[in-house]
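Novice: Protein chains in written order, with the working numbering: chain L, 12 to 204; chain C, 12 to 204. My structure is below; once you've seen it, I'll send some questions.
There are 2 protein chains.
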Amino acid sequence: MVRPKTQRGIDTKERIIRAAANVFYQKGYYGGSISDIANEAGVANGTFYIYFDSKLDLYKYLLSEYGKRIRANSSIAIQNAANRKEAERLGIKSFFEYVLKDQSIFNIIWESLYIDKNLFDEFYSTFAESYAQQLKKAQKKGEVSNIDPKVLSYVLIGITNFVALNSIVLKQEKNTTHIVNEVMKVLENGMFE
Amino acid sequence: MVRPKTQRGIDTKERIIRAAANVFYQKGYYGGSISDIANEAGVANGTFYIYFDSKLDLYKYLLSEYGKRIRANSSIAIQNAANRKEAERLGIKSFFEYVLKDQSIFNIIWESLYIDKNLFDEFYSTFAESYAQQLKKAQKKGEVSNIDPKVLSYVLIGITNFVALNSIVLKQEKNTTHIVNEVMKVLENGMFE
DNA sequence: AAATAACATGAATAAACACTCATGTCAACA
DNA sequence: TGTTGACATGAGTGTTTATTCATGTTATTT
């Protein structure tokens with residue numbers, strides 16, 4: 012028989028996850044300790060290990076959650092786009108707005124490069140591959156120029172991620188519309204006269 | 012009187028620096044210990060502290076060295092460019108080739124985000140500001156379109172850095188010419204038909 | 001009410017690691 | 001040749017920290 016969820020601590024796991032996201036954002040993976048996370052979540056150190064096998068285990072969980080959220084956010088944003096150009100604008104805009112709301116994402120994602128290179132590679136490969144597929148389809152429709160979709164996908168991900176990190180997270184730029192407009196100029200006509 | 016350089020250990024400092032770059036590349040700043048660096052350099056742990064005040068001190072030294080090298084590499088590459096478009100191509104190509112030779116750079120640079128956000132911000136701000144200045148001049152000459160040079164500089168740095176990290180370092184792509192060509196297509200005409 | 005098992009605790013453990021320091025070595029100069 | 005001081009050593013120190021575990025506590029089932 013399936014035992015109903017106890018009421019002891021309500022959403023303890025969820026509280027640990029939120030606390031970890033916050034601690035990793037503030038102090039990073041190596042700088043943030045299990046004690047920091049447990050304190051922030053309002054539980055004892057040992058409680059952490061009821062819900063996660065290890066610090067790395069929780070980190071991997073968080074990383075995959077962020078991947079899901081970004082994908083969901085993007086696919087909702089572009090679902091009604093009339094063409095690829097519009098899809099690109101909407102996708103970029105929604106990503107910038109997502110970053111504005113949750114500025115911890117790069118601290119979680121990019122640190123994977125230092126925890127295990129494969130985590131970083133897998134994370135972005137997933138995005139790049141599905142992006143490249145979309146671009147290929149758009150090329151067949153004649154909406155996108157003849158550019159290696161693999162390279163183009165990394166170009167687009169590179170632009171959005173790097174600009175978001177530097178302009179929005181580090182420089183605290185709030186005007187995402189302006190940034191989207193300027194980025195779209197490049198994507199539409201290039202940068203040269 | 013200036014004492015001539017002793018011959019005890021030849022270029023001990025240089026060996027420590029090289030070892031550190033390698034260790035940080037393999038294991039990251041937090042994952043790589045002073046013992047790792049000392050072993051790799053073939054010196055005792057204590058010797059490290061004759062040449063550097065702390066692990067962080069060495070890290071900052073390495074970071075600034077990479078900044079200098081990249082700037083030097085780029086300014087040499089573009090010095091004979093006839094116009095901005097050619098300068099862009101040459102700059103990107105030389106950066107990719109630099110990364111191909113010294114794949115540790117991103118592990119050094121990007122980790123600053125987790126050691127001290129200001130280090131990362133300062134590092135890329137320096138590049139972005141001088142890049143933006145160059146772009147402004149090119150805009151006055153009518154060579155570059157009317158795009159916010161601040162945003163454009165981050166777009167260009169984002170492309171080069173992200174593509175280099177993913178394609179060259181992580182996917183071990185050797186054909187930099189192909190990548191440069193595809194990137195230049197976007198910068199010349201945008202990505203849409 | 002007793003039994004059960006999930007949930008929770010936090011002190012204890014063991015390993016890792018940045019940094020120190022007392023001691024040693026060697027090249028240059030008086 | 002003896003003195004000097006830079007260069008080098010590596011065992012030791014103190015701290016931090018991920019993880020464990022013996023011991024509670026509470027909600028549910030019998």
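We put the CB at the ideal spot given by N, CA and C, even for glycine.
What three-state label does DSSP hand VAL191 of chain L in the structure shown?
Specialist: As a position in the first sequence, residue 191 of chain L is number 180, starting the count at 1. In the structure shown, VAL191 of chain L sits in a helix (DSSP, three-state: H, G or I).
Novice: Please confirm if TYR135 of chain C has its CB atom under 8 Å from at least one CB of chain L.
Specialist: Sequence index remark: in the second sequence, residue 135 of chain C carries index 124 (1-based). Judged by the 8 Å Cβ criterion, TYR135 of chain C is in contact with chain L.
Novice: Alpha helix (DSSP H) containing ALA175 of chain C: first to last residue?
Specialist: For the purposes of this step, residue 175 of chain C is taken as the residue at position 164 of the second sequence. From DSSP, ALA175 of chain C is part of no alpha helix (DSSP H); its letter is neither H nor E.
Novice: Using only the alpha-carbon positions, how far apart do MET12 of chain L and GLY20 of chain L sit?
Specialist: Position 1 of the first sequence holds residue 12 of chain L. Position 9 of the first sequence holds residue 20 of chain L. With a pLDDT of only 40 at MET12 of chain L, under 50, the local geometry of the prediction cannot be trusted, and the value read off the model is given with reservation. The straight-line gap from Cα to Cα measures roughly 22 Å.
Novice: If we cut at 8 Å on Cβ distances, does GLY20 of chain C have a partner in chain L?
Specialist: As a position in the second sequence, residue 20 of chain C is number 9, starting the count at 1. GLY20 of chain C does not count as touching chain L.
Novice: Could you give the residue range of the alpha helix (DSSP H) that holds ASN84 of chain L?
Specialist: Along the first sequence, one-based indexing puts residue 84 of chain L at 73. Its alpha helix (DSSP H) spans residues 66-89.
Novice: According to DSSP, what are the bridge partners of PHE35 of chain C?
Specialist: As a working mapping, residue 35 of chain C is identified with position 24 in the second sequence. PHE35 of chain C is not bridged to any residue.
Novice: Between VAL110 of chain L and the rest of its own chain, which residues show a CB-CB distance below 6 Å, the 5 nearest in sequence each way excluded?
Specialist: One-based indexing of the first sequence puts residue 110 of chain L at position 99. Beyond the five residues adjoining it in sequence on each side, VAL110 of chain L comes within less than 6 Å, by CB distance, of ALA175 and ILE179 in the same chain, given in chain order.
Novice: Are the C-beta atoms of LEU67 of chain L and some chain C residue less than 8 Å apart?
Specialist: For the purposes of this step, residue 67 of chain L is taken as residue 56 along the first sequence, with counting starting at 1. LEU67 of chain L does not count as touching chain C.
Novice: How big is the Cα-Cα spacing for ALA32 of chain C and THR187 of chain C?
Specialist: Counting from one through the second sequence, the residue named residue 32 of chain C turns up at place 21. Counting from one through the second sequence, the residue named residue 187 of chain C turns up at place 176. About 24 Å.
Novice: Determine which residues of the stretch 184-200 of chain C have a Cβ less than 8 Å from any Cβ of chain L, and write them out in chain order.
Specialist: When C-beta distances to chain L are compared with 8 Å, the residues of the stretch 184-200 of chain C below that value are HIS189, ILE190, GLU193, VAL194, LYS196, VAL197, LEU198, GLU199 and ASN200, in chain order.
Novice: Excluding the 5 residues flanking PRO160 of chain L on each side, which residues of the same chain have their C-beta closer than 6 Å to its C-beta?
Specialist: The residue given as residue 160 of chain L occupies position 149 in the first sequence. Excluding its 5 nearest sequence neighbours in each direction, PRO160 of chain L has C-beta neighbours in its own chain below 6 Å: ALA143, LEU146 and LYS147, listed in chain order.
Novice: Going along the chain, which residues of its own chain have a beta-carbon closer than 6 Å to the beta-carbon of LEU69 of chain C, five neighbours each way excluded?
Specialist: By one-based count along the second sequence, residue 69 of chain C stands at place 58. Cβ neighbours of LEU69 of chain C beyond the five flanking positions: ALA31 and PHE63.
Novice: With a threshold of 16 other CB atoms inside 10 Å of the CB of LEU74 of chain L, please say whether the residue is buried or exposed.
Specialist: Position 63 of the first sequence, counted from the first residue, corresponds to residue 74 of chain L. With 16 or more other Cβ atoms within 10 Å, it is buried.
Novice: Quick test of the definition: if touching needs 3 or more C-beta pairs under 8 Å, does the stretch 88-96 of chain C touch the stretch 122-140 of chain C?
Specialist: no
Novice: Give every residue of the same chain whose Cβ lies closer than 7 Å to the Cβ of LEU101 of chain C, excluding the five residues on either side of it in the sequence, and list them in chain order.
Specialist: The residue given as residue 101 of chain C occupies position 90 in the second sequence. These residues qualify, in order along the chain: ALA88, ILE89 and ALA92.
Novice: If you measure from the beta carbon of ASP132 of chain C to each beta carbon in chain L, is any gap under 8 Å?
Specialist: Counting from one through the second sequence, the residue named residue 132 of chain C turns up at place 121. Chain L contact via Cβ: present.
Novice: Between L:LEU124, L:GLY53 and L:ASN172, which lies nearest to PHE138 of chain L when the distance is taken from Cα to Cα?
Specialist: Counted from its first residue, the first sequence places residue 138 of chain L at position 127. Out of L:LEU124, L:GLY53 and L:ASN172, L:ASN172 has the C-alpha closest to the C-alpha of PHE138 of chain L.
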